[in-house]
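Taking it in order: structure first as structure tokens, then the write-up.
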Amino acid sequence: MVYLVINSFIVDGSVNFENYRSVYSKIVNWTALINTFKLSLLVMILSLIISFPLAWLVGRTNLPAKGFFRTTFVATYMIPPYVGAIAWTQLLNPSVGFVNTMLVHLFNLSESPFNIYSMAGLVWVLTLFYSPFAFITISRALEKMDPTLEEAARISGASPLRALIDVTLPLMFPSILAGGLLVFIAAGSCFGIPSIVGMPAQIEVLTTRIVTYVYMGDSNGIRDATALAVSLMLVANSILFIMTMMLGKKDYVTIGGKSTRPNIVDLGVWKWPAVGAAVTYGLVTVFLPIASIFVSSLIRTYSEPVSLSNLTFENWLPVIQSSQYLIPIKNSFITATAAATASTVIALFVSYLAVKTRAKGRLIPDVLSTLGGATPSVVIALALIIAFSGNLVLNLYSTLTILVVGYMVKYLTMSVRTISASLSQVHPSLEEAALNSGASWLRTCKDIMLPLIAPSIVAGWFLVFMPSFYELTMSIILYGAKTKTIGVLLYELQTYADPQNASVLSVLILIIVLVGNLIIRKLTKGNVGI
């Protein structure tokens, strides 16, 4: 990353701002910058408007089936964003979208009521797939909030709504802001959704411009891409810093010394309307796009209505038989397995150093892994191209190795967080007893520590494997002729109008993600996963 920043200021061997002057002298880049900011802001606001009421319903009311609804509200977090984008193009395509076609026939409309290829469509899809960031942040804070603060307001005569507005919302402000900023960063760093939904409508953002410049294949393109990537990284890290500072302040104390069991608000006559609203939200945001993907994987032709005669499993045959599909799937399994295994080994050492030692600088590797996770994927990919294209060290460009390195940089923090949390629950007396009994440090780790945290190790492995398997943004920049991955193949199928086979691959990805999530939840007893 440091080399990427330095390289952005070097032109023909001299240090200057020419790259930035050149890139921001183009109207298209200013438009992309404005679109990125506007989209991120709109998605952040809409996500908060949706997430806070949902978090309040499952955390502070007597809403039935809270566990089910909590899982439903964050289910889109489990779906790869570009797969979700493909699903919504199938639903709201102005020509052949399932929803549009149905509404046109039902109400005898002259034209389709919805067009996914628009700014509104882009905001909608981005919101659905990144609002879980805000929901998770806000719901956790609500669970930890001291109930005595709200009790005092209620005793003073405030209604539940008044207590919510005057007490809960102000105290929740840091968590609401943190959740919103997470959504802002994620939306601004996304490539898959803007490329699938935005590009057909000529809506460009910074990530799509960066990929376009990289695909130019010349030094000028790389220089322009570098300047845009550094700009994006600066914004993302600045927001991360602001978020850290906000959450670090002590002005907002929501956890008291007494029981933190939340007050449960009786919804009264609003209970079943709230259930209806929650069910509707789940059907629209989760069931509808997943059903669309499954139906599209079986449909014979889009020009005919969906019926049993228009459904077939023939679309699955090329995926099973053709090397065009098998090689990218194999590459994805190889790179994801390698990245997950290497990341887990590194995470063990990083976590042990941070949690179980008092060495100076012990938190530096942990912080670096967090920064890698917070850095936009396009920035990581571009940094790897510049660093490992033979100019600085090794030439790894267009190899599986550079893909593995990219996945590790981005997803190592997931394994570190999972293993660190598990290690922190192992009491030091267990390790001390083994050492006092004459066991070596290695023997202690092998016989005591590793067995105790084994489920979290496996969970951490899967948390790296799953996003690495279906990763698109870095892969679309780093892959070569022989290193195409399933994410790249799916993107190409969707881009070049082969929706049936794109849907087949999407179903395959969803199955792998679902199975992986179930394994993680089983191993961690529901503490990790969705």
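Count along the sequence shown starting at 1, add 11, and that's the number in our numbering. Glycine included, each C-beta is placed from N, C-alpha and C at the ideal position.
Under the three-state DSSP convention, the category residue i falls into
i: lysine 155; result: helix
i: asparagine 104; result: coil
i: isoleucine 530; result: helix
i: threonine 494; result: coil
i: serine 36; result: coil
i: isoleucine 90; result: coil
i: leucine 309; result: helix
i: threonine 265; result: Here threonine 265 scores only 49 on pLDDT, less than 50, and its place in the model should not be relied on; the value that follows carries that caveat. The answer is coil: DSSP assigns threonine 265 none of H, G, I, E or B.
i: threonine 42; result: helix
i: serine 129; result: coil
i: asparagine 406; result: strand
i: isoleucine 214; result: coil
i: leucine 322; result: strand
i: serine 19; result: coil
i: serine 451; result: coil
i: threonine 291; result: helix
i: serine 343; result: helix
i: serine 380; result: helix
i: threonine 223; result: helix
i: valine 26; result: strand
i: valine 276; result: strand
i: threonine 386; result: coil
i: threonine 368; result: coil
i: serine 333; result: coil
i: leucine 426; result: Residue 426 is actually serine in this sequence, not leucine. Residue state, collapsed to three classes: helix.
i: serine 123; result: coil
i: serine 400; result: strand
CB of residue i within 8 Å of CB of residue j, strictly
i: threonine 494; j: serine 409; result: yes
i: alanine 217; j: leucine 44; result: First, the amino acid is wrong: residue 217 is leucine here, not alanine. Yes. Within cutoff.
i: arginine 71; j: asparagine 274; result: yes
i: threonine 496; j: leucine 414; result: yes
i: leucine 500; j: serine 517; result: no
i: serine 308; j: serine 451; result: no
i: serine 479; j: tyrosine 418; result: yes
i: serine 303; j: alanine 358; result: no
i: valine 94; j: leucine 102; result: no
i: lysine 282; j: asparagine 73; result: yes
i: threonine 424; j: methionine 12; result: no
i: alanine 398; j: tyrosine 31; result: no
i: asparagine 512; j: valine 330; result: yes
i: valine 524; j: methionine 477; result: yes
Residue i burial status per 10 Å Cβ neighbour count (16 or more: buried)
i: tryptophan 41; result: exposed
i: glycine 268; result: Note on glycine 268: pLDDT 47, under 50, position unreliable in the model; no value is reported.
i: threonine 506; result: exposed
i: aspartate 262; result: Unreliable placement is indicated for aspartate 262, whose pLDDT of 47 sits below 50; the coordinate value is still reported in the next sentence. Counting Cβ neighbours within 10 Å, aspartate 262 comes out exposed, since fewer than 16 surround it.
i: alanine 444; result: exposed
i: glutamate 315; result: exposed
i: valine 264; result: Reliability of the predicted coordinates at valine 264 is poor, the pLDDT of 44 falling under 50, and the value obtained from them is presented with this limitation in mind. Exposed, by the Cβ-count rule.
i: glycine 527; result: buried
i: valine 225; result: buried
i: proline 91; result: buried
i: isoleucine 266; result: Any reading at isoleucine 266 needs caution, since the residue's pLDDT is 46, under 50, leaving its predicted position unreliable; the model's value is listed next. By the neighbour-count rule (16 or more Cβ atoms within 10 Å), isoleucine 266 is not buried but exposed.
i: glycine 108; result: buried
i: glutamine 332; result: exposed
i: lysine 421; result: buried
i: leucine 529; result: exposed
i: arginine 81; result: buried
i: glycine 471; result: buried
i: glutamate 162; result: exposed
i: glutamine 436; result: exposed
i: isoleucine 531; result: buried
Beta-carbon separation (whole angstroms), residue i vs residue j, contact threshold 8 Å
i: isoleucine 250; j: leucine 192; result: 5 Å
i: glycine 199; j: valine 241; result: 14 Å between Cβ atoms; not a contact.
i: aspartate 235; j: valine 26; result: 18 Å between Cβ atoms; not a contact.
i: tyrosine 141; j: valine 194; result: 5 Å
i: valine 222; j: isoleucine 488; result: 6 Å
i: valine 69; j: serine 150; result: 7 Å
i: threonine 83; j: valine 297; result: 6 Å
i: valine 361; j: proline 339; result: 31 Å between Cβ atoms; not a contact.
i: leucine 160; j: leucine 182; result: 7 Å
i: isoleucine 430; j: isoleucine 459; result: In fact, because the Cβ distance is near 15 Å, the residues do not count as touching under 8 Å.
i: leucine 50; j: leucine 133; result: 6 Å
is_contact[residue i, chain D] using C-beta, thresh 8 Å
i: isoleucine 204; result: Included in the structure is just one protein chain, with no chain D present.
Legend entry - At least 3 beta-carbon pairs within less than 8 Å: the segment 170-179 vs the segment 203-215: Taking 8 Å as the limit for Cβ pairs, the verdict is that the segment 203-215 does not touch the segment 170-179.
Inset, instruction - Decide yes or no for the touch test of the segment 221-233 against the segment 362-374: beta carbon pairs closer than 8 Å, at least 3 of them. - result: Because the criterion of three Cβ pairs below 8 Å is not met, the segment 221-233 and the segment 362-374 do not touch.
Legend entry - Three CB pairs or more closer than 8 Å across the segment 26-40 and the segment 108-124: Not touching, per the Cβ criterion.
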